[in-house]
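Chains as they are written, first to last, in our numbering: chain P, 1 to 116; chain D, 1001 to 1114.
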């Protein structure tokens, strides 16, 4: 069974600081996704990581994937208040279904609060 | 167009009611999904349709009944729900199951069962 663990689950940061959110998963997969969710809203896609060593950057956020370590990171640079939200990583479980059809297994989410 | 449209946005229903949630996409995606998200929890998969056929059912109670009438539409029929079924219901779609592709989520239906 594929398990996805995120840490930390809660993160309170000051504006201007850097921090990293970690996402570990338990079985083989080379498809990992990061989503942002604001309170009461749906999921907004941030990054799609589809190969070992993939690195993507958008603004103050950078995501990477190490499939051998089964680890993805979401790095926040010089945080601003607008980044306050809950961030989910999700792993495609397609390998559990013979490679033909998968679905996303989500981590528990990291609630980020950026304070002035 | 990278939009998945869900209706209604909010729904309040009694435990004896029958209602339906609707989801539509026009991206040519052939895999569509229903997720349930309780407050302060991650989304949990309910159903997956691939090429209009139900391919994954994550042991969801029969009071939830999915339907995929065509490649653009996905419905979730609700009957005799319980208050604990109150949650945000998210629809998603992706190009095809098994492909390295992104899943796009709709805005969700906030369901309250009274």
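By construction, the Cβ of each residue, glycine as well, lies at the ideal position given by its N, Cα and C atoms.
C-beta neighbour in chain P for residue i, strict 8 Å
i	result
residue 1024/D	no
residue 1107/D	yes
residue 1069/D	no
residue 1003/D	no
residue 1033/D	yes
residue 1048/D	yes
residue 1102/D	yes
residue 1076/D	no
residue 1043/D	yes
residue 1090/D	yes
Chain D within 8 Å of residue i, Cβ atoms only
i	result
residue 59/P	no
residue 12/P	no
residue 48/P	yes
residue 72/P	no
residue 9/P	no
residue 103/P	yes
residue 2/P	no
residue 42/P	yes
residue 56/P	no
residue 108/P	yes
residue 84/P	no
residue 45/P	yes
According to DSSP, residues forming a beta bridge with residue i
i	result
residue 17/P	Residue 17/P pairs with nothing; no bridge assigned.
residue 46/P	DSSP, once it has assigned bridges, lists no residue as partnering residue 46/P.
residue 1094/D	1031/D
residue 1060/D	Note: residue 1060/D sits in no beta bridge, so no partner.
residue 1023/D	1006/D, 1074/D
residue 7/P	22/P
residue 110/P	87/P
residue 1066/D	1076/D
residue 31/P	Answer is none; residue 31/P lacks a bridge partner.
residue 12/P	113/P
Coarse secondary structure for residue i, derived from DSSP in three states
i	result
residue 1085/D	helix
residue 1051/D	coil
residue 1079/D	strand
residue 2/P	coil
Whole-number beta carbon distance between residue j and residue i, since they are thought to touch under 8 Å
i	j	result
residue 72/P	residue 79/P	Residue 72/P to residue 79/P, Cβ: 19 Å. No contact.
residue 87/P	residue 109/P	7 Å
residue 1050/D	residue 1030/D	7 Å
residue 1082/D	residue 1006/D	In fact, because the Cβ distance is near 22 Å, the residues do not count as touching under 8 Å.
residue 50/P	residue 30/P	6 Å
residue 1112/D	residue 1086/D	5 Å
Length at least 3, wholly inside the stretch 37-86 of chain P: the beta strand (DSSP E) runs in chain order:
Listed in chain order, the complete beta strand (DSSP E) runs (minimum 3 residues) inside the stretch 37-86 of chain P are 43-49, 55-58, 61-66, 71-76.
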